[in-house]
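Taking this note's numbering as reference, the numbering of the sequence shown is continuous, increasing by one, and the terminal residue is 250.
For every residue, glycine included, the Cβ atom is placed at its ideal position computed from N, Cα and C.
This report refers to the structure that appears directly beneath it.
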Amino acid sequence: MGYYSVEFDSLKMKEKLVFATHNKHKLEEIQNILKNYEVVGLRDIGCMEDIVEDADDLQGNAKIKADFVTNNYHINCFADDTGLEVEALDGAPGVYSARYAGEGCSYHDNVVKLLDALRGAPNRRARFRTVIALNLNGKQYFFEGIVNGKILEEEHGNGGFGYDPIFQPDGYEETFAEMPMEIKNKISHRGKAVQNLVKFLDSIR
Ligand code: ITT
46 MGYYSVEFDS LKMKEKLVFA THNKHKLEEI QNILKNYEVV GLRDIGCMED
96 IVEDADDLQG NAKIKADFVT NNYHINCFAD DTGLEVEALD GAPGVYSARY
146 AGEGCSYHDN VVKLLDALRG APNRRARFRT VIALNLNGKQ YFFEGIVNGK
196 ILEEEHGNGG FGYDPIFQPD GYEETFAEMP MEIKNKISHR GKAVQNLVKF
246 LDSIR
C-alpha cells in the first residue's frame, strides 16, 4: 500500500494531508488554515472507528490517534489533542476536556460544569494547549500551540465549539465563540500548532 497522504493531486496541485480527527469543527478549522493543502478527515479515508484516547497527557493522546491511523491504514497523517488548562483547577480539565462532565456529555454540559467549578473564584486564568503529532515517512514529530486567556462567568457567542463561548483570549474583548473563524485561527492554540507544523513541512521540502 502506498502513502496516501503525501501525494499531489495532478489537477489541483494540492498536497493531500490526512488529519486524524472525527471532530468536524477541528477539521473545518484546519482546512481553513491549511488552504494550500487538501486536508481530509478520518471519515474521508473510511475510518469510522472510535479511537480510544487513554493517555495521561496531550502528547500521548495525539500520538495514539496518529499511530492508530498510520498502523491501520499505512498512511502518513497528523493528529491534534487539545486541552483547556485552568489555573485555579490545577490544570483541569486538561487532557480530560472532552469528557469533563462524564462519558457522552455535550459541549454544553462541560461548559456548565466548568462555570460551576469556578463560581466565585477570583483567579479565572486559563489556557488552551494543542499538541500535534505528525507521522511522516516512518518518523514522528510533535508541535505545540498555546493561547492564554480567562474563563468568563457566562457564555458569550454562538460560533466555534467546545469551551469557546466562555474563553476570552488575552488582548481581545470577545470570546472565541464571538470571533470569525479566521481571527480565532490566527491566535488560537490550534492555529499556532499548525503554523509550527507548516514551518516544519516547508523546511523539509
Ligand atoms: P478528535 O479526538 O477526534 O480529534 P475531540 O473532540 O476528542 O476530537 P480533542 O480530544 O482534541 O478532540 O479535544 C478535547 C475537547 O477539548 C473537545 O471535545 C472540546 O470540548 C475541547 N476543545 C478542543 N479544541 C477546542 C477549541 O478550539 N475550542 C474550544 N474547545 C475545544
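Which class does residue i belong to by DSSP, given the choice of helix, strand or coil?
| i | result |
| --- | --- |
| E98 | coil |
| L163 | coil |
| K71 | helix |
| D125 | strand |
Is the distance from the Cβ of residue i to the Cβ of residue j below 9 angstroms?
| i | j | result |
| --- | --- | --- |
| A133 | R170 | yes |
| V140 | A100 | yes |
| N180 | V114 | yes |
| D255 | T220 | Here the chain comprises residues numbered 46 to 250, so residue 255 is not present and cannot be evaluated. |
| A146 | N155 | yes |
Is it the case that the CB of residue i approaches a heavy atom of ligand 1 more closely than 8 angstroms?
| i | result |
| --- | --- |
| T115 | no |
| A124 | yes |
| Y152 | yes |
| E218 | no |
| L87 | yes |
| D209 | yes |
Between residue i and residue j, which are expected to be in contact by the criterion C-beta below 8 angstroms, what is the C-beta distance as a whole number of angstroms?
| i | j | result |
| --- | --- | --- |
| G205 | R235 | Their Cβ separation, rounded to whole angstroms, is 11 angstroms, which puts G205 and R235 out of contact at 8 angstroms. |
| L62 | L79 | 7 angstroms |
| I75 | V84 | 5 angstroms |
| F173 | S233 | 7 angstroms |
Evaluate the contact criterion for the stretch 143 to 151 versus the stretch 213 to 224: three or more CB pairs, one atom per stretch, below 8 angstroms. With a cut-off of 8 angstroms, the stretch 213 to 224 and the stretch 143 to 151 do not count as touching, because too few Cβ pairs lie within range.
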